[in-house]
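Notes follow once the structure below has been shown.
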Amino acid sequence: MRVPRGARIWRFGASPRADVRLLGRPQTRWGPPGPRTGFALSLGGGAVLDVEVPGIGPHVAQNAACAATAALAVGVDPSAIARGLQRYQGPPLRMELQATGGLTVINDAYNANPASTSGAIQALADFPCGGRRVALLGDMLELGSASERAHRDVLSLCGALRIDIVGIVGEEFRSATERPGGCQAENFRLIRAKSPEDLAARVSPLLGTGDVVLLKGSRAMGMERIFQLLN
Numbered sequence: 001m002r003v004p005r006g007a008r009i010w011r012f013g014a015s016p017r018a019d020v021r022l023l024g025r026p027q028t029r030w031g032p033p034g035p036r037t038g039f040a041l042s043l044g045g046g047a048v049l050d051v052e053v054p055g056i057g058p059h060v061a062q063n064a065a066c067a068a069t070a071a072l073a074v075g076v077d078p079s080a081i082a083r084g085l086q087r088y089q090g091p092p093l094r095m096e097l098q099a100t101g102g103l104t105v106i107n108d109a110y111n112a113n114p115a116s117t118s119g120a121i122q123a124l125a126d127f128p129c130g131g132r133r134v135a136l137l138g139d140m141l142e143l144g145s146a147s148e149r150a151h152r153d154v155l156s157l158c159g160a161l162r163i164d165i166v167g168i169v170g171e172e173f174r175s176a177t178e179r180p181g182g183c184q185a186e187n188f189r190l191i192r193a194k195s196p197e198d199l200a201a202r203v204s205p206l207l208g209t210g211d212v213v214l215l216k217g218s219r220a221m222g223m224e225r226i227f228q229l230l231n
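Shown next, in the form of structure tokens:
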């Protein structure tokens, strides 16, 4: 995109060149009234803003940094930015925490791409868990030639993070598991299914009190339907 003449460019992220810079690794605090992710933002000139935002996952801090940058650009006071971020409430189906039958469900089924899916799996791995960690994943659609590699990478990440059970729906994930080296199956139990309803039927008998279940997939996959079937 061409930047209009005379416009100021604001940058955010972890780079030292960012106008609003994330400092260190975000930390999630667990407990009532719900999990919160804390982090520090450098605003330049030595000013540092300590922020705690409702929600889980590494994307929380990045999104908050983006919002803080936009607010600073139009002159909002940093203290007001911090208060606003602390009152944030996420929309449904986006890292939404739900409970059913002794299970904790991370319902992130609104949509999926490689970055958001990796972030959701990392959040699942970090989630305090008295049972097993279960990732129920639908295809990430519209990735073109990058699709096979992206789905293989997601499965490899599940293995690296020691997810206990991985359930998959869709042709892209199925293809990824059938390729040599496409699935680190020795690290998790893999369950293939034809639909969200089929996956719920296959997984439900395996689940128990204390398990944490992630629902993730592109919008067209309808992975949120699994939650109702787990009741």
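Quick note on numbering: full-length UniProt numbering labels position 74 of the sequence shown as 74, and the sequence is numbered without any gaps.
Cβ atoms here follow ideal geometry from the backbone N, Cα and C, with glycine treated the same way.
In this text, all values refer to a predicted model and were calculated from it rather than measured experimentally.
Measure the Cβ-Cβ separation of residue i and residue j and say whether it is below 8 Å.
i	j	result
Asn107	Leu215	yes
Thr37	Ala61	yes
Asp211	Leu103	yes
Gly159	Asn187	yes
Leu157	Ser204	no
Ala123	Ile56	yes
residue 252	Val105	Because the chain spans 1 through 231 in this model, residue 252 falls outside it and cannot be assessed.
Gly167	Leu207	no
Leu93	Ala109	yes
Gly101	Asn231	yes
Is the Cβ of residue i closer than 8 Å to any Cβ of chain C?
i	result
Val60	Although the question refers to chain C, the structure presented lacks it and comprises just one protein chain.
Could you tell me the alpha carbon to alpha carbon distance between residue i and residue j, rounded to whole angstroms?
i	j	result
Gly6	Val74	16 Å
Gln184	Leu72	A caution first: Gln184 carries a pLDDT of 49, below 50, which makes its placement in the model too unreliable to give a value.
Ala99	Ala115	25 Å
Gly130	Arg2	51 Å
Leu85	Glu52	7 Å
Arg179	Arg87	45 Å
Arg202	Ser147	26 Å
Ser15	Gly222	36 Å
Of the choices the options, whose alpha-carbon is the least far from that of residue i?
i	options	result
Pro195	Phe188, Gly208, Thr177 and Gly217	For the record, residue 195 in the displayed sequence is Ser; it is not Pro. Closest option to Ser195, Cα to Cα, is Gly217.
Glu197	Ala115, Cys129, Leu206 and Leu229	Leu229
Ser79	Leu207, Thr104, Leu97 and Asp50	Asp50
Leu136	Gly144, Leu155 and Glu148	Leu155
Ala193	Thr209, Asn187, Gly208 and Ile226	Ile226
Pro54	Ala47, Trp30 and Asp77	Trp30
Gly34	Ser147, Leu143, Gly90 and Ala14	Gly90
Thr209	Pro4, Arg17 and Arg133	Arg133
Spatial neighbours of residue i within its chain, please: CB distance less than 6 Å, with the 5 preceding and 5 following residues excluded, ordered by chain position.
i	result
Cys66	Phe12
Arg189	Ile165
Ala125	Leu161
His151	Glu172, Phe173 and Ala176
Val48	Ala40 and Ser42
Pro32	none
Val213	Leu103, Val105 and Val134
Ile163	Arg133, Ala135 and Phe188
Ile81	Ala68 and Ala71
Drop a sphere of 10 angstroms on the beta-carbon of residue i, count the other beta-carbons inside from all chains shown, and report buried for 16 or more, exposed for fewer.
i	result
Glu224	buried
Thr83	Contrary to the premise, residue 83 reads as Arg rather than Thr in this sequence. That one is exposed.
Asp77	exposed
Arg21	buried
Go through its chain and collect everything with a Cβ distance to residue i's Cβ below 7 Å, but skip five positions before and after it.
i	result
Asp19	Trp10, Arg11, Phe12, Gly44 and Thr69
Asn111	Ser218 and Arg219
Gly46	none
Pro58	Pro26, Gly119 and Gln122
Pro128	Trp30
Can you give me the Cβ contacts of residue i inside the same chain, cut-off strictly under 8 Å, excluding the 5 residues immediately before and after it?
i	result
Gly24	Phe39 and Ala40
Arg17	Arg11
Considering only heavy atoms of the ligand MN, does any lie closer than 7 Å to the CB of residue i?
i	result
Leu49	You won't find the ligand MN in this model; it holds no ligand whatsoever.
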